[in-house]
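Visitor:
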Amino acid sequence: MGRAALIVIDMINTYDHQDAELLMPAAESVVPVISGLLYRARRRDVPVIYVNDNFGEWRSHHGELLDKALAGPHAHLVEPLRPTDSSLFVVKARHSIFFETPLHYLLHQQGVDRLVLCGQVTEQCVLYSALDAHIRHLDVVVPRDAVAHIHADLADAALRMMERNMSAHVCASDDLWAE
1 MGRAALIVID MINTYDHQDA ELLMPAAESV VPVISGLLYR ARRRDVPVIY VNDNFGEWRS
61 HHGELLDKAL AGPHAHLVEP LRPTDSSLFV VKARHSIFFE TPLHYLLHQQ GVDRLVLCGQ
121 VTEQCVLYSA LDAHIRHLDV VVPRDAVAHI HADLADAALR MMERNMSAHV CASDDLWAE
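Mind the numbering: the sequence shown is residues 1 to 179 in full-length UniProt numbering, read in order.
(1) Would you identify the three-state DSSP class for ASN54, choosing helix, strand or coil?
(2) Looking only at its chain, what residues have a beta carbon closer than 7 Å to the beta carbon of ALA41, apart from the 5 residues adjacent to it on each side?
(3) Which partner residues does ARG114 have in the DSSP bridge list?
(4) So is SER167 buried or exposed if we call it buried at 16+ other beta carbons inside 10 Å?
(5) Look at the alpha carbon of VAL33 and the alpha carbon of SER173, and state the distance between them as a whole number of angstroms.
(6) Tell me the residue span of the alpha helix (DSSP H) that contains LEU65.
(7) Does the Cβ of HIS149 have 16 or more other Cβ atoms within 10 Å, making it buried, or fewer, making it exposed?
(8) Can you tell me whether ILE12 is helix, strand or coil according to DSSP?
(9) Check whether the segment 65-74 touches the segment 130-150, counting contact only when three or more Cβ pairs, one atom from each stretch, lie closer than 8 Å.
(10) For ASP175, count the other beta carbons within 10 Å of its own beta carbon; 16 or more makes it buried, fewer makes it exposed. Which is it?
(11) Would you call PHE99 buried or exposed, if buried means 16 or more other Cβ atoms sit within 10 Å of its Cβ?
(12) When you compare the segment 95-110 with the segment 15-35, are there three or more beta-carbon pairs, one atom per stretch, that lie closer than 8 Å?
(13) Locate the alpha helix (DSSP H) running through VAL78, then write down its first and last residues.
(14) Among the candidates MET24, LEU37, ARG82, whose CA atom is the shortest distance from the CA of VAL116?
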């Protein structure tokens, strides 16, 4: 396996969207796990790339998305995951982190061929991103305790699909970059 990158999907979020009430309990449980992954990845100089929905804000950039999320009532879910100056950021408009974004080019430029996907939503954006990574011949790792879901049964099925159909390595976050 080659160089890995930690991909944080849609965690810069105001949680004022459809299904947010169903998502927030799972999001609350993964925030400390993702925070730990961020810490360990940064200590090892693993590239950290935030790929985040623009929520239809076509004139916004990552700083504005972050500021809006930190000013909202659910800032406690965003603050521990705040990007650093060394973090990379890609804005997306649809479910997959690859759909009409420059991510594949960025990964190539960084020499990355192994993605550790964390964030939300397991049965939506994480699943579609894992599929798109797989068809681009990238290795995929999904720490099951670092992805948030809306529907637990669909998330379990999505993780099984990633493992079986996309050859993803589904593991515990503690298995990655252990201290």
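In this text, a Cβ means the ideal position worked out from N, Cα and C, and glycines have one as well.
Computed from a prediction, not measured in an experiment: that's the story for all the values here.
Guide: On the basis of the data shown:
(1) For this step, residue 54 is matched to residue 54 along the sequence shown. Here ASN54 sits in coil by DSSP.
(2) Here the question's residue 41 lines up with position 41 in the sequence shown. LEU6, VAL48, TRP177, listed in sequence order.
(3) The residue labelled residue 114 in the question sits at position 114 within the sequence shown. Paired residues: ALA4, ASP139.
(4) In the sequence shown, residue 167 corresponds to position 167, counting from 1. SER167 is exposed by the Cβ-count criterion.
(5) Residue mapping note: residue 33 aligns to position 33 of the sequence shown, counting from 1. Residue mapping note: residue 173 aligns to position 173 of the sequence shown, counting from 1. If I take the Cα positions, the gap works out to 7 Å.
(6) Counting from one through the sequence shown, the residue named residue 65 turns up at place 65. Per DSSP, the unbroken alpha helix (DSSP H) holding LEU65 starts and ends at 62-71.
(7) Looking up residue 149 in the sequence shown gives position 149. Buried is the call here.
(8) Counted from its first residue, the sequence shown places residue 12 at position 12. ILE12: coil per DSSP, three-state reduction.
(9) The segment 65-74 vs the segment 130-150: no contact.
(10) Sequence index remark: in the sequence shown, residue 175 carries index 175 (1-based). Flag for ASP175 reads exposed.
(11) Looking up residue 99 in the sequence shown gives position 99. By the C-beta density criterion, PHE99 is exposed, having fewer than 16 other C-beta atoms within 10 angstroms.
(12) Flag = no, the segment 95-110 and the segment 15-35 do not touch.
(13) For the purposes of this step, residue 78 is taken as the residue at position 78 of the sequence shown. From DSSP, VAL78 is part of no alpha helix (DSSP H); its letter is neither H nor E.
(14) Taking the sequence shown and counting its residues from 1, one reaches residue 116 at position 116. With distances taken between Cα atoms, VAL116 lies closest to LEU37.
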